[in-house]
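Engineer: Following the numbering used here, the numbering of the sequence shown begins with 308 at its first residue and continues without gaps.
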Amino acid sequence: MTFLRVIRDTLETKGYKVDRSFQDFGTRFSGTESLQGKELRVDIVIRDDGFVERPKFYLPTFGNAVGILPHLDSYNNFCYSAPETLILDATRPGEAILLCRQIFLKELDKALSGRCSDEILDEFRFYWRGRSIATDIDSTYEGATSLHRWINEEYMVSLLTNNDRLKEFFANQHPREQGFKDYTTPAHVLKYSESAPFLKFQPDFRFLSDYLSWLKGFGGKLDDRVLEQMTSELGRSCPVFLNGTLGMYGLWPQGLPFKRKKGNEFKKPAVQKAAYQMFGSKIEVKRFFGRDIGDRYVYGRSLVRRATLEDKRICILGCGTIGSHLAKFSAQSGAGSGKNAELKLVDNQLHEPGNIGRHLLGHTALGISKSVALAKLLQGTYPGKNIQAVDRNAAEVFNGLGGYDLIIDATGDSTFSNGLNLFRKSQDQYPPVLFVWLEGLGAATQALLTLDNELACYRCLEPDFGERPRYSPLKAHKETYFESATCSDGAYIPYSVASSVMAAGLALEMMLDWAAGRPGKSLRTRLVDTDPQITKTVKDTSPSKHIRCPVCFPTS
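#1: For VAL835, which of helix, strand or coil comes out of DSSP?
#2: Please work out which residues of its chain come closer than 8 Å, Cβ to Cβ, to CYS545, disregarding the five sequence neighbours upstream and downstream, and give them in chain order.
#3: Starting from GLU414, trace the beta strand (DSSP E) in both directions and tell me its first and last residue.
#4: Under the DSSP definition of a beta bridge, which residues are partnered with PRO466?
#5: Go through its chain and collect everything with a Cβ distance to TYR737's Cβ below 6 Å, but skip five positions before and after it.
#6: Determine whether the beta carbon atoms of LEU412 and LEU342 lie at a separation below 8 Å.
#7: Got a sec, what are the start and stop residues for the beta strand (DSSP E) VAL359 sits in?
#8: In terms of residue numbering, what span does the beta strand (DSSP E) encompassing GLN509 cover?
#9: Could you please give me the residues that DSSP links to LYS488 through a beta bridge?
#10: Does DSSP put HIS481 in a helix, a strand or coil?
#11: Would PRO387 be called buried (16 or more neighbouring beta carbons within 10 Å of its own) or exposed?
#12: To which residues does DSSP link PHE573 through a beta bridge?
#13: Quick check on LEU616: does DSSP put it in helix, strand or coil?
#14: Taking just the CA atoms, how far does GLY551 sit from PHE477?
#15: Measuring CA to CA, which of GLU426, ALA441 and LYS692 is closest to TYR434?
#16: Please say whether GLN734 and THR832 have beta carbons closer to each other than 8 Å?
#17: Give me the Cα-Cα distance between PRO690 and VAL605, rounded to the nearest whole angstrom.
#18: I need the boundaries of the alpha helix (DSSP H) containing TYR556, first residue and last residue.
#19: Comparing alpha-carbon positions, which option in GLY524, GLY542, LEU549 and ARG543 lies nearest VAL533?
#20: How close, in whole Å, do the beta carbons of CYS626 and LEU681 come, if the pair is a contact with beta carbons under 8 Å?
#21: Does GLN686 come out as helix, strand or coil in the three-state DSSP assignment?
#22: Classify PRO564 as buried or exposed, calling it buried when 16 or more other Cβ atoms lie within 10 Å of its own Cβ.
#23: Going by DSSP in three states, ASN384 sits in which element: helix, strand or coil?
#24: I'd like the list of long-range same chain contacts for HIS510, defined as Cβ closer than 7 Å, with 5 residues on each side in sequence excluded.
#25: So for SER829, helix, strand or coil by DSSP?
#26: Answer with buried or exposed for LEU541, where buried requires no fewer than 16 other C-beta atoms within 10 angstroms of its C-beta.
#27: By how many angstroms is the C-alpha of GLU475 removed from the C-alpha of GLU484?
#28: Going by DSSP, which residues form a beta bridge with HIS378?
#29: For HIS632, count neighbouring C-beta atoms within 10 Å of its own C-beta (all shown protein chains included) and say buried if the count is 16 or more, exposed if not.
#30: Tell me whether VAL743 sits in a helix, a strand or coil according to DSSP, three-state version.
#31: Hey, how far is the Cα of TYR518 from the Cα of LYS589?
#32: CB-CB under 6 Å to ALA403, same chain, minus the five flanking residues each way: which ones, in chain order?
#33: Which term fits ILE854, buried or exposed, when burial requires 16 or more other beta carbons within 10 angstroms of its beta carbon?
#34: Does the segment 582-598 come close enough to the segment 691-699 to have 3 or more Cβ pairs within less than 8 Å?
#35: What is the DSSP secondary structure of GLY661, reduced to helix, strand or coil?
#36: Could you give the C-beta distance for ILE600 and ASP445, rounded to a whole number, given that I count them as a contact under 8 Å?
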């Protein structure tokens, strides 16, 4: 039998029939389930012939009359399981659909019994059903702000912020040349501390009086404070946003149900407030919810239980194949965000066609300084960050880096690295330096964090030039292969972008450990080519100084 035939026959034993009035993509089965003394119509929709998409369960007649039902969205689709936690066997469709129904009924019974208060609070944004607004305002903030909207004939983009740099970024993304009109409205943010009153919210609230009655449950005269801010601007209403641990939720009354005659406008906010309160049962309210685009959320979400690079002053020397990817990874991990933070990129080489195959920059940056083009790219991708470009030879800036928290040598040039290492060791105080480079034809990558002066420096790894390095991951010590140089294009080592990205990933891993105060092993190795004829495993270690290192043990 076919996939859908098996499902049909199986569901018929549970009282479900095919609903042929359903015109959307897929097959709908309709039936009735008895739970908590209620007879509920349930629709099951199968959208493909192999459970590529999980079966959907709808409660089409449930409505909002009894308030919020946990896990039920605005389309009456009941979320009974996270997709990644439910694996269905398409070779046994009958058993699979019964498993889905069993889980659905268990979760629906729990929801109807009122045992899902925590779930309601966790999912409250989905029950609020308001328009989405991007915001970078912290959950602890209370005070004045501005609501910016860019509107054209097709859609509207909204931003709630006090950050001029972020506003400028959004404005540049939605220019007047594309038909966008820019509107700015004064707004206010008020904090809430309790979450229990959210359980009393009704999705069918429509008028100002509904919301003010609900807000009384928060205490602290929040209802009066909200109304006062809504009517603080004479002649118009202002949006007010409730801000706290459950998120940010906005209310914007759409004005009085009548127009005041010219010359008879409100003269005082208190009079306007009284009018809104009097006619609250006729004033409709628009709802909004905030989508957090703040640095702490955006860059910290992927680093749960790990430190980010926020609030750090970081300098990357070399914006080539390793440095360009590392700059992006660093920005994605919080670098350039926070108080006094900075991500400095140093390189004076121009971006050439030969770089494109393994560099973050593409054709649009050809002929431009790598550091300048890279900073511009990252600033345009991650707005609000302090990313600075220095269009100079990295060897010229050693003296100016004393105030940074961390320096990364991403040049991959051993001559440069030895020079930087020698300079660092000659200083009484200098930031820690993280060296990262590739071995062989990109067969492996290594990184060394020189944080502790009692451990090996960069030169300690190869105290005798020309001899095999102490911790080489290469099976045999061979001369590095270079493609021939020409007058217009210097010699280079051929390897794929995979090696560059792995090197940048290793460096980022060590940067995050350093930021967390747990730097771990100072020398780490990752193999790109695992062919045992080419590479060998080198365990992460913290090597000691080498007695023959001329930097750590200089001779007179």
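We treat Cβ as the ideally placed atom computed from N, Cα and C, and that holds for glycine.
Structural biologist: Here's the rundown:
#1: Sequence index remark: in the sequence shown, residue 835 carries index 528 (1-based). Looking at VAL835 - three-state DSSP - the assignment turns out to be coil, as it is neither helix nor strand.
#2: The sequence position of residue 545 within the sequence shown is 238, counting from 1. These residues qualify, in order along the chain: THR492, PRO493, ALA494, HIS495, GLN536, MET537, THR538, SER539 and TRP559.
#3: Here residue 414 refers to the residue found at position 107 of the sequence shown. That residue, GLU414, is in no beta strand (DSSP E); its alpha helix (DSSP H) goes 400-419.
#4: Counting from 1 along the sequence shown, the entry for residue 466 is found at position 159. The sequence shown places Leu at residue 466, not Pro. For LEU466, which the question treats as bridged, DSSP gives the partners ALA441 and HIS455.
#5: What you label residue 737 is simply residue 430 of the sequence shown in a count that begins at 1. Taken in chain order, the residues that qualify are ARG731.
#6: In the sequence shown, residue 412 corresponds to position 105, counting from 1. In the sequence shown, residue 342 corresponds to position 35, counting from 1. Yes.
#7: As a working note, residue 359 is residue 52 in the sequence shown. Note, VAL359: premise wrong, no beta strand (DSSP E); not H, not E.
#8: Counting from 1 along the sequence shown, the entry for residue 509 is found at position 202. Premise fails: GLN509 is in no beta strand (DSSP E) and is neither H nor E.
#9: Translated into positions along the sequence shown, residue 488 becomes position 181. LYS488 is bridged to ILE458.
#10: Here the question's residue 481 lines up with position 174 in the sequence shown. The answer is coil: DSSP assigns HIS481 none of H, G, I, E or B.
#11: Within the sequence shown, the letter at position 80 stands for residue 387. It is Tyr, not Pro, that sits at residue 387 in the sequence shown. Classification of TYR387: buried, given that the 10 Å Cβ count is 16 or more.
#12: Within the sequence shown, residue 573 is the residue found at index 266, counting from 1. Beta-bridge pairing links PHE573 to no other residue.
#13: Residue mapping note: residue 616 aligns to position 309 of the sequence shown, counting from 1. It is coil, neither helix nor strand.
#14: Counting from one through the sequence shown, the residue named residue 477 turns up at place 170. Counting from one through the sequence shown, the residue named residue 551 turns up at place 244. Taking the straight line joining both Cα atoms gives about 25 Å.
#15: Walking along the sequence shown from the start, residue 434 turns up at place 127. With respect to the C-alpha of TYR434, the residue from GLU426, ALA441 and LYS692 having the closest C-alpha is GLU426.
#16: Taking the first residue of the sequence shown as position 1, residue 832 is located at position 525. Taking the first residue of the sequence shown as position 1, residue 734 is located at position 427. GLN734 sits away from THR832, with the two beta carbons spaced by 8 Å or more.
#17: Counting from 1 along the sequence shown, the entry for residue 690 is found at position 383. Counting from 1 along the sequence shown, the entry for residue 605 is found at position 298. Each residue's alpha carbon lies about 12 Å from the other.
#18: By one-based count along the sequence shown, residue 556 stands at place 249. Here TYR556 belongs to no alpha helix (DSSP H); instead the beta strand (DSSP E) covers 554-560.
#19: Your numbering for residue 533 matches position 226 in the sequence shown. Residue LEU549 is the option with its Cα nearest to VAL533.
#20: Residue mapping note: residue 626 aligns to position 319 of the sequence shown, counting from 1. Residue mapping note: residue 681 aligns to position 374 of the sequence shown, counting from 1. Contact flag correct, Cβ pair sits at about 5 Å.
#21: Locating residue 686 in the sequence shown gives position 379, where the first residue counts as 1. If DSSP states are grouped into helix, strand and coil, GLN686 belongs with the helices.
#22: As a working note, residue 564 is residue 257 in the sequence shown. Flag for PRO564 reads exposed.
#23: Against the sequence shown, residue 384 aligns to sequence position 77. It is a strand residue.
#24: In the sequence shown, counting from the first residue as 1, residue 510 sits at position 203. In the sequence under discussion, the amino acid at residue 510 is Pro, which differs from the His named in the question. If we look at PRO510 and ignore the five residues flanking it on each side, its Cβ neighbours are ASN371, ILE375, TYR434 and ARG436.
#25: Within the sequence shown, the letter at position 522 stands for residue 829. Correct three-state label for SER829: coil.
#26: Taking the sequence shown and counting its residues from 1, the one referred to as residue 541 is at position 234. It is exposed - the Cβ of LEU541 has fewer than 16 other Cβ atoms within 10 Å.
#27: Counted from its first residue, the sequence shown places residue 484 at position 177. Counted from its first residue, the sequence shown places residue 475 at position 168. Roughly 15 Å between the two C-alpha positions.
#28: For the purposes of this step, residue 378 is identified with residue 71 of the sequence shown, where counting begins at 1. Per DSSP, none; premise fails for HIS378.
#29: The residue given as residue 632 occupies position 325 in the sequence shown. So HIS632 ends up on the buried side.
#30: Within the sequence shown, the letter at position 436 stands for residue 743. Reduced to three states, the DSSP call for VAL743 is strand.
#31: Locating residue 518 in the sequence shown gives position 211, counting from the first residue. Locating residue 589 in the sequence shown gives position 282, counting from the first residue. About 12 Å.
#32: Your numbering for residue 403 matches position 96 in the sequence shown. Excluding positions up to five away in sequence, the list reads LEU395 and ASP396.
#33: Along the sequence shown, one-based indexing puts residue 854 at 547. Under this definition ILE854 is an exposed residue.
#34: No contact exists between the segment 582-598 and the segment 691-699.
#35: Working through the sequence shown from its first residue, we reach residue 661 at position 354. In this structure, GLY661 counts as helix in the three-state DSSP scheme.
#36: Working through the sequence shown from its first residue, we reach residue 600 at position 293. Working through the sequence shown from its first residue, we reach residue 445 at position 138. Rounded, the Cβ-Cβ distance is 12 Å, inconsistent with contact.
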